[in-house]
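If you read the sequence shown in this note's numbering, its first letter stands for residue 1, the second for the next number, and so on.
Quick reminder that beta carbons are idealized off the backbone N, C-alpha and C, glycines included.
First up is the structure itself, then whatever we jot down about it.
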Amino acid sequence: MLPQDKLIHLIKEQCEKDRRISACMMYGSFTKGEGDQYSDVEFYLFLNDDEARDFKSSEWVKDIASYDLLFFNEYGTEVVVFSNLVRGEFHFLPESEMDMIKSFKDTGVFPDTDSMFIYDTTGRLKALLDALKGDGPERMTSHHVNFAFNNFVNAWLMGVNVLKRGEHARSLECLSHVQKYILQLMRIREKNTERWLNATKNLEHDLSENAYHAYVAITSRLDAAELYHAYSNALRAVEELIHVLGDQYPFDIDLVFTHKLRSHLNDLFSA
C-alpha cells in the first residue's frame with residue numbers, strides 16, 4: 001500500500017468520527033487513476049457552519065499523521081508536509097459553501113467522480129460530484145487560440161526587453177510564461193487539451209516527439225546566450241503554429257508581425 005493510500009484511509013476514518021465534518025471530497029491524481037508514490041493528497045472538507053469559526057485545522061491534521069510543516073500557500077490553500085514527506089493540500093470550508101463544487105466543471109475533466117467522494121452527512125455531495133461528469137470545457141476554440149497567441153507575445157516581448165537590460169533572472173521567469181502559452185497552442189494542434197491549465201503535466205507522454213523537442217528548444221539555463229536562443233526558438237515554434245492553426249482559427253497575429261518581433265530580437269543582440 002502506498003503511504004498516500006494509507007493517509008486517504010485515515011482521513012476518511014477521521015471524518016467519520018468527527019461530528020464537525022459534514023462532508024469530504026478528494027481531488028487530484030488519485031481521483032484520475034494517475035496517483036503514484038510521488039503524488040500529493042488533496043481534499044476539500046466542509047464543516048458544520050456553527051463549528052467552522054473555532055475549528056483548528058492544525059490539530060485535526062495532527063490526529064491523522066505526524067507532520068513537519070503546515071502553512072497557507074499564496075492561493076490560500078492549507079499545505080501539509082507529512083513526516084514521510086508526502087505533501088497534502090486541504091481546504092476547510094463551511095458546509096454552506098459546498099455549492100462551490102459546481103465551479104470545478106470549468107477547470108477540466110473528472111473521469112471518476114465516485115473516487116472523489118470520501119464522506120458525507122448532508123446528502124448533497126454525491127449529486128454535486130455527479131454533475132462534474134462528462135466532457136470538460138471546450139478548449140479548442142478561437143477564443144483560446146487567440147488568447148494563447150496574444151499572451152505569448154506579451155510574455156515574449158517583456159522577456160526579450162528585460163534580457164537586453166541585463167535582468168537575466170527576470171527574463172528566465174518570463175520565459176516560463178512563454179513556454180506555457182506555446183504548450184497550450186501545441187496541445188490544441190495535437191488535440192490534447194485535457195491538461196490545459198497545467199500544460200506541462202505528463203508532457204513527456206502527451207505530446208508527439210516533434211512537439212516535445214520543440215519545447216526542449218525553448219528551455220534555458222540562467223545564461224544570456226541560452227536565453228537568446230530560447231526566445232528565438234520560441235518565435236520559430238509560434239510561426240509554425242501560426243502556419244498550422246491559421247486555416248482552422250482566426251487570431252490577431254500573423255507572420256508579418258512575428259518577423260517584426262524577430263527583427264527586434266536580432267537588433268537587440270546585434271551589437
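Compute the Euclidean distance between the alpha carbons of residue i and residue j, then round it to the nearest angstrom.
| i | j | result |
| --- | --- | --- |
| residue 88 | residue 13 | 17 Å |
| residue 234 | residue 21 | 49 Å |
| residue 58 | residue 23 | 18 Å |
| residue 198 | residue 225 | 28 Å |
| residue 76 | residue 266 | 42 Å |
| residue 63 | residue 110 | 30 Å |
| residue 213 | residue 229 | 14 Å |
| residue 155 | residue 55 | 42 Å |
| residue 204 | residue 180 | 15 Å |
| residue 231 | residue 40 | 33 Å |
| residue 255 | residue 106 | 32 Å |
| residue 259 | residue 183 | 21 Å |
| residue 26 | residue 144 | 29 Å |
| residue 165 | residue 68 | 42 Å |
Just verifying my parser: in three-state terms, what is the DSSP assignment at residue i?
| i | result |
| --- | --- |
| residue 3 | helix |
| residue 88 | strand |
| residue 197 | coil |
| residue 175 | helix |
| residue 184 | helix |
Give the range of the alpha helix (DSSP H) segment to which residue i is assigned.
| i | result |
| --- | --- |
| residue 69 | Note, residue 69: premise wrong, no alpha helix (DSSP H); beta strand (DSSP E) at 67–72. |
| residue 239 | 224–245 |
If you follow the beta strand (DSSP E) that residue i is part of, which residue opens it and which one closes it?
| i | result |
| --- | --- |
| residue 120 | 117–120 |
| residue 22 | 21–27 |
| residue 47 | 41–47 |
On the DSSP bridge list, what partners appear for residue i?
| i | result |
| --- | --- |
| residue 78 | 72 and 90 |
Count Cβ pairs between the region 148–159 and the region 238–253 that sit closer than 8 Å; are there 3 or more?
yes
Segment contact flag, the region 46–53 with the region 94–107, C-beta cutoff 8 Å, min 3 pairs:
yes
Under 8 Å, with one C-beta from each stretch per pair, do the region 183–197 and the region 163–175 reach the 3-pair mark?
no
Counting Cβ pairs closer than 8 Å, one from the region 116–129 and one from the region 65–75, do we hit at least three?
no
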